[in-house]
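In what follows, a structure is listed as structure tokens, so that the remarks can point back to it.
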Amino acid sequence: MAERLFNFPDTVDLLNAHQIGYHTSSHSVHPALFEFTDVKDYEEAFQVSLLRETSHINPLTGALEGKGGIHTLRTLFPQKQIIAFRAPGQCWSPPHLEALAALGIDNDFSTNISPYPIRYKAITFHPYPICGQWLGTPYQYLLLTSSLRHHTSVLTIHPSLMVNQLEWDLIYFKTNPTALSQPPARSPAEITSLYRKFDQLLTHLKNLRKIHSIEITPTLKRAEKILRPTRFDAEKCYRESIKWATKHEYHPTFLFQHFTKFFELTDE
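Each number in this note's numbering corresponds to the 1-based position in the sequence shown with 655 added.
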């Protein structure tokens, strides 16, 4: 999708008013992140991740086709520091994240390690995001209010679900598709309603900001608090991470040992 933005300069101009993060070069195409890092050797998983995240990935075959990935974003937004990442479905893999860190990405939004930003192995881990689709229901406002009591809250809202009935990547559920297809669209009335509810959310957040209840989109900073990991951290993060993989009917073989290696106690 980032590559296609080269044809929409007005959209790029609008996006330049925002921070830009990275969401992997192969969101759901197979081999997905949880598949290409599920190898026995940690260093091999690291090297494969480096290669794939700097390559264009064919959306039908998953094959590498020249330069792309993070390079595409940095070409598209040359004035931006692209230093943040969130894994699809919060399904992250330690050697992959360390490969991204080697590419200059040192802020992660994929884990559920801590309710506040915390640093480990030169990476700042931010809290688990909430939401995925904003419907403006009383329950969602209650969830939002509860979340805003935390030190840091992260909202993850997918704009595609404002115009489409289903997630765009369902065609990749079990295997790569033979052709790309458009998800069924919402009706104009539904789209207008969802846009209006999203606008109400933004107004609500702006009002909270005016009375100094929250700070919106602070500059990403290196966390001061340092994680002292335990085996529990490894087990917890692994269980949370593989939920998306098992949803795709994939059951990892070596990923847990990557988590235990990553969360070894260090002297940092």
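From the three backbone atoms N, C-alpha and C, an ideal C-beta is built for every residue, glycine too.
Remember, predicted model here, so these are calculated numbers, not experimental data.
Here Ile760 is not near Ala777, since their CB atoms are 8 Å or more apart. Closest by C-alpha distance to Pro814, out of Pro884, Thr716, Ile846 and Tyr796, is Ile846. Residues Ile675, Gly676, Tyr677, Ile725, Leu728, Arg729, Gly759 and Ile760 of the same chain have their beta carbon placed closer than 8 Å to that of Ile737, with the five preceding and five following residues left out of the count. Residue burial annotation: Glu904 is exposed, with fewer than 16 other C-beta atoms found within 10 angstroms of its C-beta. The beta carbon of Trp747 is closer than 6 Å to those of Ser765 and Ser896 in its chain, skipping five residues each way along the sequence. Beta bridge pairing from DSSP links Leu719 with Ile712. Comparing alpha carbon positions, the residue from Leu797, Asp888 and His751 closest to Arg741 is His751. In the displayed model, Tyr775 falls within a strand according to three-state DSSP. Rounded to whole angstroms, Lys902 and Gly721 show a C-alpha spacing of 30 Å.
DSSP places Asp763 in the strand class (E or B) of the three-state scheme. Taken atom to atom, the span from the alpha-carbon of Pro839 to that of Gln820 is near 6 Å.
Contact check for Pro907 against Phe701 fails: the beta carbons are separated by 8 Å or more.
Per the coordinates, the alpha-carbon of His913 lies some 30 Å from the alpha-carbon of Ser802. Cβ neighbours of Phe909 within its own chain (closer than 7 Å, five residues either side excluded): Asp693, Val694 and Lys695. Separation of the CB atoms of Thr811 and Pro784 is rounded to 4 Å, and the pair is thereby assigned contact status at 8 Å. Going by DSSP, Met817 is part of the alpha helix (DSSP H) stretching over Ser815 to Val818.
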